[in-house]
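One structure is given here, and the rest of the page talks about it.
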Amino acid sequence: MSQVSEQTATRSATNGRRPRTDDPEAVRKAEIKALERRLVVAAVLTIPVFVFAMFGMWLKAFVPMGVIDFFTNPWVEFLFITPVMFYSGWPIHRTGWLALAHRAPEMNSLVALGTAASYMYSVVVTVAPGILPASAREPYYESVGTIITLMLLGQLLEAHARLGTGESIRALIGLTPKTAHVVRDGKEFDINADKVEVGDIVVIKPGEQLPVDGKVISGRTSVDESMITGESIPVAKGEGDIVTGATINGNGTLRYRATKVGRDTVLAQIIKLVRTAQTSKAPIQKLADRISGYFVPGVILIAIWTFVIWWLFGPAPQGLYGLVSAVAVLVIACPCALGIATPLSVTISTGKAARFGVLIRSAEALQTAHDVDTVVLDKTGTITRGKPELTDIGWLGDVQAENADGATVEKTQQEHLLSLIAGAEQVSEHPLAQAIVKGAEQRKLDVPKANSFEAVPGSGVVAKVGGHDVIVGNAALVKDRQIGMPYDKTEALFADYARKGKTPILAAVDGALVAVLAVADTVKPDSAKAIAALRERGLQVVMLTGDNKTTAQAMADQVGVDRVIAGVRPERKAAEIVRLQNEGHIVGMVGDGINDAPALAAADVGFAIGTGTDVAIESSDITLVSGSLTGLVTAIDLSRAAMRNIKQNLGFAFGYNGIGIPIAAGILYPFWHIMLNPMIAGAAMAFSSLSVVLNANRLRGFNPETLKPRRFTFKLRERHVELKDAAQSVGVSKDAPRNNQPAKAKEGTTMDMNMNSDANTVKDPVCGMMIDPKTAAGSQDYNGKTYYFCSDNCVKSFAADPAKYVA
0 MSQVSEQTAT RSATNGRRPR TDDPEAVRKA EIKALERRLV VAAVLTIPVF VFAMFGMWLK
60 AFVPMGVIDF FTNPWVEFLF ITPVMFYSGW PIHRTGWLAL AHRAPEMNSL VALGTAASYM
120 YSVVVTVAPG ILPASAREPY YESVGTIITL MLLGQLLEAH ARLGTGESIR ALIGLTPKTA
180 HVVRDGKEFD INADKVEVGD IVVIKPGEQL PVDGKVISGR TSVDESMITG ESIPVAKGEG
240 DIVTGATING NGTLRYRATK VGRDTVLAQI IKLVRTAQTS KAPIQKLADR ISGYFVPGVI
300 LIAIWTFVIW WLFGPAPQGL YGLVSAVAVL VIACPCALGI ATPLSVTIST GKAARFGVLI
360 RSAEALQTAH DVDTVVLDKT GTITRGKPEL TDIGWLGDVQ AENADGATVE KTQQEHLLSL
420 IAGAEQVSEH PLAQAIVKGA EQRKLDVPKA NSFEAVPGSG VVAKVGGHDV IVGNAALVKD
480 RQIGMPYDKT EALFADYARK GKTPILAAVD GALVAVLAVA DTVKPDSAKA IAALRERGLQ
540 VVMLTGDNKT TAQAMADQVG VDRVIAGVRP ERKAAEIVRL QNEGHIVGMV GDGINDAPAL
600 AAADVGFAIG TGTDVAIESS DITLVSGSLT GLVTAIDLSR AAMRNIKQNL GFAFGYNGIG
660 IPIAAGILYP FWHIMLNPMI AGAAMAFSSL SVVLNANRLR GFNPETLKPR RFTFKLRERH
720 VELKDAAQSV GVSKDAPRNN QPAKAKEGTT MDMNMNSDAN TVKDPVCGMM IDPKTAAGSQ
780 DYNGKTYYFC SDNCVKSFAA DPAKYVA
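Per numbering that gives the first Met the number 0, the sequence shown starts with residue 0, numbered consecutively.
Here's what the structure looks like:
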């Protein structure tokens, strides 16, 4: 539905009054209440008319004939259905007739035309039946009521889906703390966070949220930036470091100078990106609406010419037969089956999806998921669990000890040392420390309490546990405490863990280095299986992460991802989605964090991990409740099944029209003197609806466990996707899609395209993306230099005109 049609429908649903536009949520709620009232009236008045008109013959054994005769009386049906026609159906008629007047017929136009023809014909049958042949005196009030009721139900479901579009913005705004501690004139004050000015000194105490962006001037702590970066491990902050608003302070105290406030903060930019990405989505043009653009004028012309031909060449009374035939054409063309072909399949599909833990927000999301050819996966919390775990322990030196019997038991000594290390970390709230403690508990070890504890910010801990001196932290801490280090073995373990994307931690007991522990965010058990299933269905799988190239590639190799885009800041993620779209891909984005919200909104379909943040869920089109990527496979399979079913339904709906309209017009009369009675036309219309209902209900048998996967072949399409005003702020030039040249970020911005690029990467000269030559899609030699490309599309663009991309 176009924006104008939607505004007209909204105004019509609210009794013609123009709703206030300063509160979109209030407008939606008012529209829903109005539609609910109209739907209740339509359903209450239509059900008895429909039941007795359609099933009166079968009800004789259960209902007195007087009751049946009452409800099948044309005047009673007229009294029941007239309010449905003019009150409940008013939004449909207003929108449909206006669309016809503007020469842009759509679904409402079909319903308005069909119900008007049925209603007027029925009124003639009721008021003056004598002017019609005896065989053509059957009213069609039940068809009018049924069609309008079904259409109102569909509009109500759509209105509910549109109501939630602003929730993600409100959730983002709610992240900012309400108050801030600032120092002015040497005194500390509590003020509203939105009153903080650039240059103010902000004081942050343990556990508090940072109100604005800034630069640390004193103090040391660790800051949980997961709500911005998506990474679960806190980042050490000290003098000179940059901090971001809405992040959460650890157990230290900071003072920092505000550098960005209000609309300039990182969070505000993310909010802006979400707004822009949501408004940049083009509405999906329904197949039925596209066809109806030709169908409605065609039906009108056929009805007119039917009357004219009968008037000129038909038997007497020509005018009467012409009128009956023209009405029969309009009745059989009434899009009852067409009206339920899509919403019925969508309703069944979304209900079925919910049983498998997949929540689909709208029919548009269900339809677009069918066309997705590229799936972009966030790493932390999507492919991985999102929580660090103790994965490896590399023991150093001689860790054997004697037990009470004098026998050496290596395992007992290792368990004893791990208990001491966990005891030292038990007091710390750092996620890495808690991962070590949890690892010891999972090994069923007793974790002793520390007699003394000292946290060294950004380095580790020093503690006294069970009479032993224990140090756990990084190499700098161990070196500062003058602990001897077996360098060869330690460096080998460090390199091995880092190559696998793990964080190495040193542990020393009583002055001797005893172990290198590895903590990592582990892969979900079914991630690799789900990614393999996606590739089996012909989809390209891309991993998008802020990690460095080495760590990201290690993870990609582990789970079987096709392509890696590493070193991406949160505010860059949406731009990377746009870049993939401009390569011609239909992109589905899967994420779980606040930092993923803009990318989820920018993607053609956003899939949110249900165990993630509310913002990611509200910014998405489809939610995977269980947090498993197998839900993504289910969503795509169900989308494909639903779209096949919808196309079959539309085939039934238009197939009956294709056969029935010529018969209703009288094409068989010259040969066999057969005319299609309007009553038979109504029965054919009902039968087409029954066919659609039965076919749509086949979706109830959908089972992802028994479904045989089908591989799709996708063709790249020309696409020019923009993030409008936010495009420049994320480093994508507004004219980049037109000339395929990389955009240049503004000077001084933190959104540079080469940010965090690995030393082994090179720039694709066409799109500007940083890629590893080893994993490039192709290469070209030009003027003695080799250029590498991220996709076949970039290879073709460069080959066509190399000079265009080389300065």
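Quick reminder that beta carbons are idealized off the backbone N, C-alpha and C, glycines included.
| Check | Outcome |
| --- | --- |
| Local conformation of Ser778 per DSSP, three classes | strand |
| Contact set for Thr390: own chain, Cβ-Cβ below 8 Å, skip 5 residues either direction | Lys501, Ala517, Val518, Ala519 and Thr521 |
| Whole-Å CB distance - Leu44 paired with Gly144, under 8 Å assumed | 7 Å |
| Extent of the continuous beta strand (DSSP E) to which Gly393 belongs | Thr383 to Trp394 |
| Enclosing alpha helix (DSSP H) for His369 [first to last residue] | Ala362 to Asp370 |
| Contact under 8 Å by Cβ, Leu174 with Thr220 | no |
| Three-state secondary structure assigned by DSSP to Arg254 | strand |
| Beta-carbon proximity of Lys548 to Ala574, cut-off 8 Å | no |
| C-alpha distance - His101 paired with Asp223, whole-angstrom precision | 56 Å |
| The alpha helix (DSSP H) enclosing Glu453, as first and last residue numbers | Glu453 -> not in any alpha helix (DSSP H); beta strand (DSSP E) instead, spanning Ala449 to Val455. |
| Glu207 versus Val436: straight-line alpha-carbon distance, rounded | 25 Å |
| Three or more C-beta pairs below 8 Å linking the region 351 to 358 and the region 655 to 670 | no |
| Cross-strand partners of His180 (DSSP beta bridge) | Asp189 and Val202 |
| Neighbourhood of Thr349 by C-beta, 6 Å cutoff - its chain only, sequence neighbours within 5 removed | Ile359 |
| Outcome for Ala802 when other beta-carbon atoms lying within 10 angstroms are tallied against a minimum of 16 | exposed |
| Residues sharing a beta bridge with Ser221, DSSP | Ala235 |
| Three-way DSSP call (helix, strand, coil) for Ala600 in this model | helix |
| Burial state of Tyr293 (16 or more Cβ within 10 Å) | exposed |
| Start-end ranges of the alpha helix (DSSP H) lying completely within the region 78 to 119, minimum 4 residues | 89 to 100 |
| Lys478 (DSSP reduced to helix, strand or coil) | helix |
| Pairwise C-alpha distance: Leu631 and Ser638 | 11 Å |
| Reduced DSSP category for Leu311 - H, G, I as helix; E, B as strand; rest coil | helix |
| Same chain, Cβ closer than 7 Å to Ile91, neighbours up to 5 away in sequence not counted | Asn107, Val110, Ala111, Ile147 and Met150 |
| 7 Å Cβ shell around His180 - same chain, five flanking residues per side excluded | Glu187, Asp189, Val201 and Val202 |
| DSSP-derived helix/strand/coil call for Leu34 | helix |
| Three-state secondary structure assigned by DSSP to Thr346 | helix |
| Burial state of His672 (16 or more Cβ within 10 Å) | exposed |
| Beta-carbon proximity of Ala877 to Val577, cut-off 8 Å | In the structure as shown, the chain begins at 0 and stops at 806. Residue 877 is therefore absent and cannot be evaluated. |
| Rounded distance between the beta-carbons of Val461 and Ala506, thought under 8 Å | Not quite, the Cβ-Cβ distance comes to about 12 Å (not below 8 Å), so this is no contact. |
| Neighbourhood of Thr81 by C-beta, 6 Å cutoff - its chain only, sequence neighbours within 5 removed | none |
| Cβ-based neighbour list, Val328, same chain, cut-off 6 Å, excluding 5 preceding and 5 following | Ile301, Ala302, Thr305, Ile660, Ala663 and Ala664 |
| C-alpha gap between Asp263 and Val197, whole angstroms | 10 Å |
| Simplified DSSP assignment, three categories, for Met64 | helix |
| DSSP state of Arg536 mapped onto helix, strand, coil | coil |
| Pro503 - containing beta strand (DSSP E), residue span | Thr502 to Val508 |
| Assigned exposure category for Arg710 - 16 Cβ within 10 Å defines buried | exposed |
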